[in-house]
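Structure record follows, encoded as structure tokens.
2 protein chains.
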Amino acid sequence: MKHKYLNNIPLDEAKRTYYEHLKNAGFGCSSETVAVTGACGRIIKNASYAVICSPHYNASAMDGIAVDSRITFGASEKTPVTLEPADYTVVDTGDPIPDDCDAVIMVEDLIETGENKLQIISAVSPWQNVRQVGEDICMGDMIAPSGTELTASLCGALLAGGITEVEVIKKPLVGIIPTGDEIVAPTSAPKKGDIIEFNSTVFTGMLDKFKADSKIYPITPDNKELLNIAVKTALSECDIVLVSAGSSAGRDDYTSDIISSLGTVLVHGIAIKPGKPAVLGEAKGKPIIGIPGYPVSAIVIMDEIVGDVISVYYGKERANGETVKAVLSKKIVSSLKYNEFIRVSLGRIGGKISASPLSRGAGVITSFTKADGILQIPQNCEGIEAGKEVEIHLSRPLCEIEKTLIITGSHDPLIDEVTDILSKKGFPFRVCSTHAGSMGAIYAVRDGLAHMGGIHLLDTETGEYNTSYIDKYIPSENATAVRGVGRVQGLMVKKGNPLGIKEFSDITDVRYVNRQRGSGTRILCDYLLEKNGISPEEINGYGNEEFTHTAVAALIAAGNADAGLGIYSAAKMYGLDFIPVCNEKYEFLIGKEYLEDPMVKAFLEVLYSEKFKARLEEMGGYTEA
Amino acid sequence: MKHKYLNNIPLDEAKRTYYEHLKNAGFGCSSETVAVTGACGRIIKNASYAVICSPHYNASAMDGIAVDSRITFGASEKTPVTLEPADYTVVDTGDPIPDDCDAVIMVEDLIETGENKLQIISAVSPWQNVRQVGEDICMGDMIAPSGTELTASLCGALLAGGITEVEVIKKPLVGIIPTGDEIVAPTSAPKKGDIIEFNSTVFTGMLDKFKADSKIYPITPDNKELLNIAVKTALSECDIVLVSAGSSAGRDDYTSDIISSLGTVLVHGIAIKPGKPAVLGEAKGKPIIGIPGYPVSAIVIMDEIVGDVISVYYGKERANGETVKAVLSKKIVSSLKYNEFIRVSLGRIGGKISASPLSRGAGVITSFTKADGILQIPQNCEGIEAGKEVEIHLSRPLCEIEKTLIITGSHDPLIDEVTDILSKKGFPFRVCSTHAGSMGAIYAVRDGLAHMGGIHLLDTETGEYNTSYIDKYIPSENATAVRGVGRVQGLMVKKGNPLGIKEFSDITDVRYVNRQRGSGTRILCDYLLEKNGISPEEINGYGNEEFTHTAVAALIAAGNADAGLGIYSAAKMYGLDFIPVCNEKYEFLIGKEYLEDPMVKAFLEVLYSEKFKARLEEMGGYTEA
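In structure tokens, the structure reads:
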């Protein structure tokens, strides 16, 4: 069990050192010539100059007749001019104007007087209704400078300017080598200990956005010799090589050794979190990068380093992307040792945009799927207080974020089901739902951080749901609870109930899994404990907190715990036994000013629809509220 | 010469009618099942639920040893706990935790004491350093609702959730039929009257952004029978058919007749400009759309109608895209008959974003290549005054627009050349240069609409350049002229000078082509006329105004005019003879507050570089200023 220590080089320094080295090592693009008809999205190597004018002849801009404008001079209603057939040439839009003509009269302005004679009652001026040579593009004009990305209309302009082929920068080919004994190809039935290899799919999608092609090599086991061969092969076939996982300093981490033997390791260990154990190396003038195995760390390194490296390849400084100012909804504590990359969800509620930090675990890829943006906390900063304005790098366009219904509160899969029905109906907004518990809903709606949120808060004195909490925490003119569903809460236990749990008080004898503080289910748990005269200390696992019903069910199914409170649908999903404990009123708390918001209205419309009731029945454990 | 009149249906009504009809005709998507590893960017048909948890077993989150946490309780510096080999299992990050363990101790926290015994000085709590089952994703959780576009990280999350295949919406195949007797495939040497077929390339690029595939059919001549066959073929092979050109009511416009014979024409003629003569039809439940031939009209119809139709296919309301508020820099007059789509360039100067209308010609595709956004003027609006705030639909991300050096003023190809050198150096900003003449530069810099602009303004009294104009129009603390180049102005005439023009005063006998009012070259022309005692009325073509030196040269080369004033490099490019008239001082006027702007500094650095001097020499006609 040897342990090598990594460096902790500041991100900026790591980047500077690495990119300088790559440039000096001759790393950069090559080019190829392609047809303009297939060049959309490509980046041109050199400036493109028109080789012909567009139009390249004097063209009629209308359907009508071409004339010498001088013969029309003086035409008016009182003194119409009659044109003999010899005076004009019939032209359609786009037709060339005869050399002795310099104007076109629109067909709408012609009066037929028989024998192909035409009368006009107003004159045309020279070059009227004619697209003169070069009106759009003049031969010799630069259509686009070097390094321009060809848009659809630019391809059109190049073709209009007589350019049929264009030299474009060859997309770099990035070789991806997944490594690790435990890594297996994607499967729906992995064996215990198998790690599903999905990072290469994530990389491929990201590389495509970076304008790079990718080639995924077979999974290489933790064997130095085999990995060495794989890296050499990729190095000979690709422009950039990524070694996925094996970048840390654990016993099987050969990447940095192999890069050292083939070339140079510039950086091993960057002062960022997640993403620290990256290896930045070079061999034969090509970058070899060791990417950490945790998906979130991997994505950060892809974004921060590999994206930049591809910009170095293209010879362009990388654009920063869109940012937005937002108000931080929760305090964040950060380490002074690292530059931290926090995934946040964003929402515009009322006038301001708020940013809510998502899970910080390096293994939680769903923190990226949910992320609307990234908040960077500098290395020398201990954290940021709630309510502070922060700058967020956007992961999706602001206009999408603006059209997001924000639901923060108690977890129930029904929110996802309503969202799905909305999606199927083609509604043009997103739903962003965060599991923050019922009390989380109260605070979020009160503080203008959410449009609405699910609540099921038992008043332990009256046995009533929700009302007393709302009255206590929110001025009544600010929010309203609307009808949701009734649902059964109960104890979830292993199939067959091997420990013979009969009622809530039996949990003193088993390993319990709890819900987080502030959740309605936790409040129910605490109420039941008190009612049964049980103190939390008597419960093994009281401090083991999860955020969703399914997470509790999953742990019971896996054997990490024996019992936990949750809703019937979660127990059913995991094939668990279910001991009903109570029926509760799950409602939606809505900020008053959003009651008429079209997003909220659309949500409620689905919530009360027959289609949705059918889904609830399928899930089980729900009643009409 | 028959003329059919088109309808003039308001855009909203046309859209509503058409999309309703398409939905009722059963137009919509089909789906296919693809591997998740290749599904990035695709749109899922149904909600995706995880089929396994991620992690699907309790996994070590660290390199270290797995233990039963209870044996570590009480460990401290004073009372270290020693672990026997039987107490622990060595685990790497990602390894499964043995069933009898519930925590991992990091390798960094272990003290080796020999004989495989390990000492620890602090306890671990249950599940510490363990990624419990479902930490990221719980089996049964909805990973994404129907209609979600799969991002790279979503593909990762699907694979992590055990989903290896996914039902996605099949991309629609759009058949494009280019039509017209005069239409030819892209070429650098078209014959007179040939129209280069580039619209299908533009469409293909746009369709790709709309998530549609395209198939371009051979060019079909203006023959009703052949076009009928082509449309039928495309209809049988594709989901949507576009007939390019032939949508108007001219003598060769068969599209609407053919659609009528196969199905229904819903709309022929929309109250928009450009784009009016579109045909919106349906046959066999598939849209057939007649697209106008002018590229700008075509792009508007593609954007407004075809993009929507593809959204109808996908069953999703179309997102509106990003907009920005901007101040209109110039008055726009608009027709009450049409909803107008004005291409604008945008620039952030100081605090505000200004929008400058680009060429409104339907044939000017470069108005789209230069456009940063589109301004819609409603049908019932006569126009918009300069200085008004308007809403612009962005064509490129705002962050790109913010990083744009805006140069408005006198035309000289040298600006493009400097831009190209900047691009080659990898500078991360765009240059947007507008030809508005030297006086345009004075006004634009004064009014904060441009960072800088080229000027060559002859003071006809003193013979000096630029200074007196700046003194007159701009407070001296607001702008400064910096050194540019010297250049030769002269009369451009046909090769061999067939009309024997010797000096400026000879232009009274020929067809002249002028520059626009406010341009330095126009001021020079007027000065020379006055000096020679010639009145503008004596000049044939005095009112024929062009905006660039190359445009003047192109018209002389094409025979539309015999002579015009311009710079040597333009004459050289077109193989024209050049009769020098004077040397002038071409300078750059810069807003004082932008003298230190990094974009302006980078521009000037290149302007004064040896590399640029070499380019000037190649172009010819320049001297050091």
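Just so you know, the sequences run in chain order P and D.
FYI, the numbering for the first sequence is 1 to 625, going by this note's numbering.
FYI, the numbering for the second sequence is 1 to 625, going by this note's numbering.
Glycine included, C-beta positions come from ideal geometry on N, C-alpha and C.
Can you tell me which residues form a DSSP beta bridge with Cys138 (chain D)? The residue labelled residue 138 (chain D) in the question sits at position 138 within the second sequence. Paired residue(s): none; Cys138 (chain D) is not in a bridge.
For Tyr254 (chain P), tell me which candidate among P:Val241, P:Asp222, P:Gly275 and P:Lys273 has the shortest Cα-Cα distance. To locate residue 254 (chain P), count along the first sequence from 1; it is residue 254. The residue with the shortest Cα to Cα distance from Tyr254 (chain P) is P:Asp222.
Cross-chain neighbours of Leu56 (chain P) in chain D, by beta carbon under 7 angstroms: Here residue 56 (chain P) is taken as the residue at index 56 of the first sequence, counted from 1. The sequence given here places His at residue 56 (chain P); Leu does not occur at that position. Residues of chain D passing the Cβ test: Pro190.
Within the continuous alpha helix (DSSP H) that includes Glu391 (chain P), where are the two ends? Within the first sequence, the letter at position 391 stands for residue 391 (chain P). Note, Glu391 (chain P): premise wrong, no alpha helix (DSSP H); beta strand (DSSP E) at Glu389 to Leu394.
Short CB-CB distance (under 7 angstroms) between Asp372 (chain D) and chain P: By one-based count along the second sequence, residue 372 (chain D) stands at place 372. No - not a single Cβ of chain P is within 7 angstroms of the one on Asp372 (chain D).
Nearest chain P C-beta to Lys2 (chain D) closer than 7 angstroms, yes or no? Within the second sequence, residue 2 (chain D) is the residue found at index 2, counting from 1. Note that Lys2 (chain D) scores 49 on pLDDT, short of 50, meaning its location in the model is unreliable; the coordinates nonetheless yield the value given after this. Interface flag for Lys2 (chain D) against chain P is unset, since no Cβ pair is found closer than 7 angstroms.
Use the C-beta contact count for Lys45 (chain P): other C-beta atoms within 10 angstroms, 16 or more gives buried, fewer gives exposed. One-based indexing of the first sequence puts residue 45 (chain P) at position 45. Counting Cβ neighbours within 10 Å, Lys45 (chain P) comes out buried, since at least 16 surround it.
If we define contact as Cβ-Cβ less than 7 angstroms, is Asp420 (chain P) a contact residue for chain D? Taking the first sequence and counting its residues from 1, one reaches residue 420 (chain P) at position 420. So yes, Asp420 (chain P) belongs to the interface.
Which residues share a DSSP beta bridge with Met452 (chain P)? Working through the first sequence from its first residue, we reach residue 452 (chain P) at position 452. According to DSSP, which records beta bridges pairwise, Met452 (chain P) is partnered with P:Ile407 and P:Ile590.
Classification of Val130 (chain P) by the beta-carbon crowding that lies within 10 angstroms, buried from 16 upward: Numbered from its first residue, the first sequence carries residue 130 (chain P) at position 130. By the neighbour-count rule (16 or more Cβ atoms within 10 Å), Val130 (chain P) is buried.
State the Cα-Cα distance for the pair Lys352 (chain D) and Tyr512 (chain D), rounded to the nearest angstrom. In the second sequence, counting from the first residue as 1, residue 352 (chain D) sits at position 352. In the second sequence, counting from the first residue as 1, residue 512 (chain D) sits at position 512. CA-CA distance, Lys352 (chain D) to Tyr512 (chain D), rounds to 41 angstroms.
Please classify Val333 (chain P) as buried or exposed, where buried requires at least 16 other C-beta atoms within 10 Å of its C-beta. Numbered from 1 along the first sequence, position 333 holds the residue referred to as residue 333 (chain P). Per the 10 Å Cβ criterion, exposed.
Could you tell me how far apart the beta carbons of Ala554 (chain P) and Gly134 (chain D) are, in whole angstroms, since I believe they sit closer than 8 angstroms? Position 554 of the first sequence, counting from 1, holds the residue named residue 554 (chain P). Position 134 of the second sequence, counting from 1, holds the residue named residue 134 (chain D). With a Cβ gap of about 4 angstroms, Ala554 (chain P) and Gly134 (chain D) count as contacting.
Tell whether a beta-carbon distance below 7 angstroms holds between Phe341 (chain P) and Val390 (chain P). Here residue 341 (chain P) is taken as the residue at index 341 of the first sequence, counted from 1. Here residue 390 (chain P) is taken as the residue at index 390 of the first sequence, counted from 1. Taking 7 angstroms as the Cβ cut-off, Phe341 (chain P) and Val390 (chain P) do not qualify as a contacting pair.
Between which two residues does the alpha helix (DSSP H) holding Val306 (chain D) run? Taking the second sequence and counting its residues from 1, one reaches residue 306 (chain D) at position 306. Neither: Val306 (chain D) is in no alpha helix (DSSP H) and is coded neither H nor E.
Which residue from P:Glu537, P:Leu499 and P:Ala625 puts its Cα closest to that of Leu576 (chain P)? As a working mapping, residue 576 (chain P) is identified with position 576 in the first sequence. Considering only alpha carbons, the answer is P:Leu499.
Report yes or no: is there a C-beta of chain P within less than 7 angstroms of the C-beta of Asp308 (chain D)? As a working note, residue 308 (chain D) is residue 308 in the second sequence. No, no contact with chain P.
Please confirm whether Gly361 (chain D) and Ser395 (chain D) have their CB atoms less than 7 angstroms apart. The residue you call residue 361 (chain D) lines up with position 361 of the second sequence. The residue you call residue 395 (chain D) lines up with position 395 of the second sequence. No; because the gap between Cβ atoms is not below 7 angstroms, this pair is not in contact.
Let me know the secondary structure DSSP gives Ser146 (chain D) once reduced to three states. The residue labelled residue 146 (chain D) in the question sits at position 146 within the second sequence. Of the three classes helix, strand and coil, the one that applies to Ser146 (chain D) here is coil, per DSSP.
List the residues that DSSP assigns as beta-bridge partners of His268 (chain P). Translated into positions along the first sequence, residue 268 (chain P) becomes position 268. P:Val279.
Rounded C-alpha distance that separates Ala551 (chain D) from Lys388 (chain P): Position 551 of the second sequence, counting from 1, holds the residue named residue 551 (chain D). Position 388 of the first sequence, counting from 1, holds the residue named residue 388 (chain P). Cα to Cα, Ala551 (chain D) sits roughly 55 angstroms from Lys388 (chain P).
How is Glu400 (chain D) classed by DSSP in three states: helix, strand or coil? Taking the first residue of the second sequence as position 1, residue 400 (chain D) is located at position 400. Three-state result, Glu400 (chain D): helix.
Sheet register partners of Val552 (chain D) (DSSP bridge): By one-based count along the second sequence, residue 552 (chain D) stands at place 552. According to DSSP, which records beta bridges pairwise, Val552 (chain D) is partnered with nothing at all.
Assess, as a yes-or-no matter, whether the region 422 to 441 of chain P is touched by the region 520 to 538 of chain P under the definition of 3 or more beta carbon pairs within less than 8 angstroms. Remark: three or more beta-carbon pairs, one from each stretch, lie closer than 8 angstroms, so the region 520 to 538 of chain P and the region 422 to 441 of chain P are flagged as touching.
Assuming Ile288 (chain P) and Leu235 (chain P) form a contact by the criterion Cβ under 8 angstroms, report the distance between their Cβ atoms to the nearest whole angstrom. Within the first sequence, residue 288 (chain P) is the residue found at index 288, counting from 1. Within the first sequence, residue 235 (chain P) is the residue found at index 235, counting from 1. With a Cβ gap of about 7 angstroms, Ile288 (chain P) and Leu235 (chain P) count as contacting.
Taking Cβ positions only, does Pro428 (chain P) come closer than 7 angstroms to chain D? In the first sequence, counting from the first residue as 1, residue 428 (chain P) sits at position 428. Yes, contact with chain D.
Distance, Cα to Cα, Gly426 (chain P) vs Glu317 (chain D)? Taking the first sequence and counting its residues from 1, the one referred to as residue 426 (chain P) is at position 426. Taking the second sequence and counting its residues from 1, the one referred to as residue 317 (chain D) is at position 317. Near 5 angstroms, if we compare the C-alpha coordinates of Glu317 (chain D) and Gly426 (chain P).
Nearest neighbour of Pro178 (chain P), chosen from P:Gly293, P:Glu225 and P:Phe612 [CA to CA]: The residue you call residue 178 (chain P) lines up with position 178 of the first sequence. Considering only P:Gly293, P:Glu225 and P:Phe612, the residue with the shortest C-alpha distance to Pro178 (chain P) is P:Gly293.
Helix, strand or coil, according to DSSP, for Arg615 (chain P) in the structure here? Numbered from its first residue, the first sequence carries residue 615 (chain P) at position 615. It is helical.
Please state the DSSP three-state secondary structure of His56 (chain P). Counting from 1 along the first sequence, the entry for residue 56 (chain P) is found at position 56. DSSP places His56 (chain P) in coil when its eight states are reduced to three.
From Arg348 (chain D) to Ser354 (chain D), what distance separates their C-alpha atoms? Indexing the second sequence from 1 puts residue 348 (chain D) at position 348. Indexing the second sequence from 1 puts residue 354 (chain D) at position 354. In this structure, the alpha-carbon of Arg348 (chain D) lies about 6 angstroms from that of Ser354 (chain D).
Give the DSSP bridge partners of Pro378 (chain D), in chain order. For this step, residue 378 (chain D) is matched to residue 378 along the second sequence. DSSP lists no bridge partner for Pro378 (chain D).
Between Val196 (chain P) and chain D, is there a C-beta pair that is closer than 7 angstroms? What you label residue 196 (chain P) is simply residue 196 of the first sequence in a count that begins at 1. According to the sequence provided, residue 196 (chain P) is Ile. The question's Val does not apply to it. So, interface residue.
So which residues of chain P does Ile163 (chain D) contact, with C-beta pairs closer than 9 angstroms? Position 163 of the second sequence, counted from the start, is the residue given in the question as residue 163 (chain D). Within chain P, the residues Pro186 and Ser188 have their CB atoms less than 9 angstroms from the CB of Ile163 (chain D), given in chain order.
With Ala566 (chain D) as the anchor, note down where its beta strand (DSSP E) starts and where it stops. For the purposes of this step, residue 566 (chain D) is taken as residue 566 along the second sequence, with counting starting at 1. Checking the displayed sequence, the identity of residue 566 (chain D) turns out to be Gly instead of Ala. Run containing Gly566 (chain D): Ala563 to Ile567, per the beta strand (DSSP E) assignment.
Cutoff 6 angstroms; reference Ala570 (chain P); Cβ partners in own chain excluding five residues on either side: One-based indexing of the first sequence puts residue 570 (chain P) at position 570. Cβ neighbours of Ala570 (chain P) within its own chain (closer than 6 angstroms, five residues either side excluded): His549, Thr550 and Ala553.
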